[in-house]
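>
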Amino acid sequence: MSIAEADRTRVWDATSIREDFPILARTVRDGRRLVYLDSAATSQKPRTVLDAERYYYETANAAVHRGAHQLAEEATEAYEGARARIASFVGARADDVVFTRNATEGLNLIAYAFSNATAKSIHGAVLPDGGEQFVLAPGDEIVVTEMEHHANLVPWQEVCAKTGALLRWIPITDEGRLDLDAMKDIIGPRTKVVSFTHQSNLLGTINDVAAVSQAAREVAALVVLDACQSIPHQAVDVSTLDVDAVAWSGHKMLGPTGIGCLWMRPEIADAMSPFITGGSMIETVTMAESTFAAPPTRFEAGVPMVAQAVGLAAACDYLDALGMHEVAAHEHRLTQRTLDGLAAIPGVRVIGPTVNESRGSAVSFVVDGIHPHDLGQVLDDRGVAVRVGHHCAWPTCRRMNVPATTRVSPYLYNDVSDIDAFLSALQDSRKFFGVA
Amino acid sequence: MDVDALYQEIILDHYRNPVGKGLREPFAAQVHHVNPTCGDEIDLRVTLGHDEAGRTIIEDVSYDGQGCSISQASASVLHELLVGQTEADALAIEGAFHEMVSSRGRIEPDEDVLGDAAAFAGVSKYPARVKCALLSWMAFKDALVQAHADGGVAAQSNEADADSGRSR
Chain S
1388 MSIAEADRTR VWDATSIRED FPILARTVRD GRRLVYLDSA ATSQKPRTVL DAERYYYETA
1448 NAAVHRGAHQ LAEEATEAYE GARARIASFV GARADDVVFT RNATEGLNLI AYAFSNATAK
1508 SIHGAVLPDG GEQFVLAPGD EIVVTEMEHH ANLVPWQEVC AKTGALLRWI PITDEGRLDL
1568 DAMKDIIGPR TKVVSFTHQS NLLGTINDVA AVSQAAREVA ALVVLDACQS IPHQAVDVST
1628 LDVDAVAWSG HKMLGPTGIG CLWMRPEIAD AMSPFITGGS MIETVTMAES TFAAPPTRFE
1688 AGVPMVAQAV GLAAACDYLD ALGMHEVAAH EHRLTQRTLD GLAAIPGVRV IGPTVNESRG
1748 SAVSFVVDGI HPHDLGQVLD DRGVAVRVGH HCAWPTCRRM NVPATTRVSP YLYNDVSDID
1808 AFLSALQDSR KFFGVA
Chain E
744 MDVDALYQEI ILDHYRNPVG KGLREPFAAQ VHHVNPTCGD EIDLRVTLGH DEAGRTIIED
804 VSYDGQGCSI SQASASVLHE LLVGQTEADA LAIEGAFHEM VSSRGRIEPD EDVLGDAAAF
864 AGVSKYPARV KCALLSWMAF KDALVQAHAD GGVAAQSNEA DADSGRSR
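Top line first, the protein sequences correspond to chains S and E. To get our numbering, take the position in the first sequence, counting from 1, and add 1387. To get our numbering, take the position in the second sequence, counting from 1, and add 743.
#1: So what does DSSP say about S1582(S), is it helix, strand or coil?
#2: Using a Cβ-Cβ cut-off of 9 angstroms, state whether V1771(S) counts as contacting chain E.
#3: How many Å lie between I1529(S) and D1629(S) at the Cα?
#4: What's the C-alpha gap between R909(E) and A796(E)?
#5: Distance check for R798(E) and A897(E), CA to CA, integer angstroms please.
#6: May I ask you to list, following chain order, the residues of the segment 818-831 of chain E that have a beta carbon less than 7 angstroms from some beta carbon of chain S?
#7: Taking only three categories from DSSP, how would you classify A1603(S)?
#8: Tell me, please, which residues DSSP counts as bridged to W1781(S).
#9: Cβ closer than 7 angstroms: which chain E residues qualify as neighbours of Q1814(S)?
#10: Checking 9 angstroms against the spacing of the C-beta atoms, do L1523(S) and A1481(S) come in under that value?
#11: Could you list which residues in chain E have their beta carbon closer than 7 angstroms to that of W1399(S), in chain order?
#12: Can you give me the C-alpha to C-alpha distance between V1693(S) and A1479(S), rounded to a whole angstrom?
#13: Hey, is P1542(S)'s beta-carbon within less than 9 angstroms of any beta-carbon in chain E?
#14: Can you tell me whether DSSP reads A1681(S) as helix, strand or coil?
#15: Identify the contact partners of G1776(S) in chain E, using a Cβ-Cβ distance below 7 angstroms as the criterion.
#16: I want to know whether the segment 1507-1514 of chain S touches the segment 1538-1551 of chain S - three or more CB-CB distances under 8 angstroms.
#17: DSSP three-state call for E752(E): helix, strand or coil?
#18: Count the other CB atoms within 10 Å of the CB of K1818(S); is the residue buried (16 or more) or exposed (fewer)?
#19: Taking beta-carbon pairs under 7 angstroms, can you tell me which members of the segment 1736-1768 of chain S lie near chain E?
#20: Could you name each continuous beta strand (DSSP E) segment of 3 residues or more that falls completely within the segment 796-863 of chain E, going from the start of the chain to the end?
#21: Just to confirm before moving on: does the CB-CB distance between M1640(S) and L1721(S) stay below 9 angstroms?
#22: Applying a beta-carbon distance threshold of less than 8 angstroms, which residues of chain S neighbour L749(E)?
#23: State the DSSP-derived secondary structure class of I1663(S), mapped to helix, strand or coil.
#24: Using a Cβ cut-off of 9 angstroms, which residues of the segment 793-822 of chain E contact any Cβ in chain S, in chain order?
#25: Excluding the five sequence neighbours on either side, which residues of its own chain have a C-beta within less than 6 angstroms of the C-beta of R1419(S), listed in chain order?
#26: Within the 9 angstroms Cβ cut-off, does L791(E) reach chain S?
#27: On a Cα-Cα basis, can you pick out the residue from S1804(S), G1763(S), I1757(S), A1808(S) that is closest to G1821(S)?
#28: Using a Cβ-Cβ cut-off of 7 angstroms (strictly less than) and excluding sequence neighbours within five positions of Q751(E), which residues of its own chain qualify?
#29: Of all the CB atoms in chain S, is at least one closer than 9 angstroms to the CB of L755(E)?
#30: Roughly how many angstroms lie between the CA atoms of S1508(S) and D1527(S), to the nearest whole one?
#31: What residue does the beta strand (DSSP E) around N778(E) start on, and which one ends it?
#32: Give me the Cα-Cα distance between A839(E) and G858(E), rounded to the nearest whole angstrom.
#33: Grab me the residues of K884(E)'s own chain with a C-beta within less than 7 angstroms of its C-beta, minus the 5 sequence neighbours each way, in chain order.
#34: DSSP state of M1534(S), grouped into three classes?
#35: Listing by chain order, which chain E residues have their CB less than 7 angstroms from the CB of P1790(S)?
#36: In whole angstroms, what separates the C-alpha of P1831(S) from that of A860(E)?
This is how it looks when you write it as structure tokens:
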């Protein structure tokens, strides 16, 4: 279903949705209604997610995959059931989804597969079958883009520092789109990994995954997708994306903090060295050495985050009940309202695409004469919660020639009145700082 | 409205018309400080000298940077307050400022000590902004340490150095 079709099939009832989110009923700063427009940082949680976690702790809590008692059995079923539910949300097989702490950890897991395999190969340690593809040497190249969150940049810088590989990046245009022409000169025979964001947390840009992955496939590079900002906001089916791994966080999609997911093609996961090691993830252990379990267990050392997995599964239920196409259509309307409203205010410049196409709901902007930090403070005084700063995408800010931005990022519980409250508070802020 | 208490007119005046902004020479030490959560940056230089009693004097604090009104105004106020003070007095003022903005609103500013910096009392109620107010002050303290470590006092003023053993 296209966004336009979804748009026609449903009247969005943000008021009743809002009632499912207890926190949205609170007031801030001396009794003001909370206008929460910072969902790209973290989303709020519906009662069903909170209830699912509580129910798990009250009825089934135990350490999973160990113990012979009934609670351990039920906890394990809850955990693995959650994995299957979350996997189905993105069109994946349960065994291909690894639970991590968040997207950042998922991306590090892959980055460490490279640096660990490289270190092991130097000392002749045994790698899993196919593990040679993760061994890097000087001359090899890792490609990211100029619009990455630090989570998909710093880990690769570290891999380069440890292996001698060279970090390269696909530049972005003044409008905040990937420069796909320039990409042709960046991705080449030396490229071993291409890791890029599906949707920019700063610019709002939704990238053409197929265009990038096709270029990567031509040189047999591994393709990694940071889907932290896309999976919460649009229907994503990992089985139809031509990529090898997808990382995302639970807390941005109505789920609890402390859980994220990493989907990997099984042949890739099988060939990867482990990241965090210890209990649960082993096959056999002697005093001298260990062998490792098959994925996903290989990548889940220690007692995992069971309650969070159960909560995230409940979040998937909530999202599916609304329909991800409908969620995307609703956000598309709010994005248009935001872009139109900002365009009408003098001295405001959007940082990122101003055309509401291949674009998510996160909208960054700067205002002449008001530093983002100061703007955020006055908006907060009006009850409007936004993000200010470099959004963990400092190089992207530099590229766009701004030290920082203000970002609004509505979600399914927001409606037009929230966008209008923000726009009105923005006008007030301009008066407050004497630039209106 | 607390935000009015935060953005006192004194602060906005310093923001719009900063005192002593711009990097100057000579200097005993230069530091670069950033606030990694918001990207605010400051380059700050200190120039030291000595008074007749041999005490180390803050002859100049020059700075340049970019950031929010709180961080920029704070640098301007720092310049205004600390230039011309003895090092000991400057550090006492720094201590009072630091204590006030970190107090979550519990400490009433002593205007005799803090002058225009007393206007930053409102910042203390906004934990996320305390670092903004402190950016230049932390840079100043760091620059002082580096000036002494580099023998900056001697490099700055050989004449005074002859009788300034105490500041080394």
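C-beta atoms are modelled at their ideal positions from N, C-alpha and C, and glycine is treated no differently. As the structure is a prediction and not an experimental result, all values here were calculated from the model.
Reading it off the structure:
#1: strand
#2: no
#3: 18 angstroms
#4: Interpretation of R909(E) is limited by its pLDDT of 33, a score under 50 that renders its predicted location unreliable; the figure taken from the coordinates is listed afterwards. Cα to Cα, R909(E) sits roughly 11 angstroms from A796(E).
#5: For A897(E), the predicted model reports a pLDDT of 44, less than 50, meaning its position is unreliable and no value from the coordinates is stated.
#6: Of all residues in the segment 818-831 of chain E, none comes within less than 7 angstroms of chain S when Cβ atoms are compared.
#7: helix
#8: According to DSSP, W1781(S) bridges with nothing at all.
#9: By Cβ distance, chain E contributes nothing, its closest Cβ being about 15 angstroms from Q1814(S), past 7 angstroms.
#10: Their beta carbons are not under 9 angstroms apart, which means L1523(S) does not touch A1481(S) by this criterion.
#11: Near W1399(S) there are no residues of chain E at all, since even the closest Cβ is about 33 angstroms away, more than 7 angstroms.
#12: 20 angstroms
#13: no
#14: coil
#15: Chain E residues near G1776(S): T780, C781, G782.
#16: no
#17: Shown here, E752(E) sits in a helix according to DSSP, grouped into three states.
#18: Exposed.
#19: H1758, H1760, D1761, Q1764, V1765, D1768
#20: 799-809
#21: The criterion of a C-beta distance shorter than 9 angstroms is not satisfied by M1640(S) and L1721(S).
#22: Q1764
#23: coil
#24: Q809, G810, C811, S812, I813, S814, Q815
#25: Answer for R1419(S): G1770, listed in chain order.
#26: no
#27: I1757(S)
#28: A862, G865, listed in sequence order.
#29: yes
#30: Spanning the two alpha carbons is a distance of roughly 15 angstroms.
#31: 772-778
#32: 11 angstroms
#33: E837
#34: coil
#35: G782, Q809
#36: Since the displayed chain S opens at 1388 and closes at 1823, residue 1831(S) lies outside it and no answer follows.
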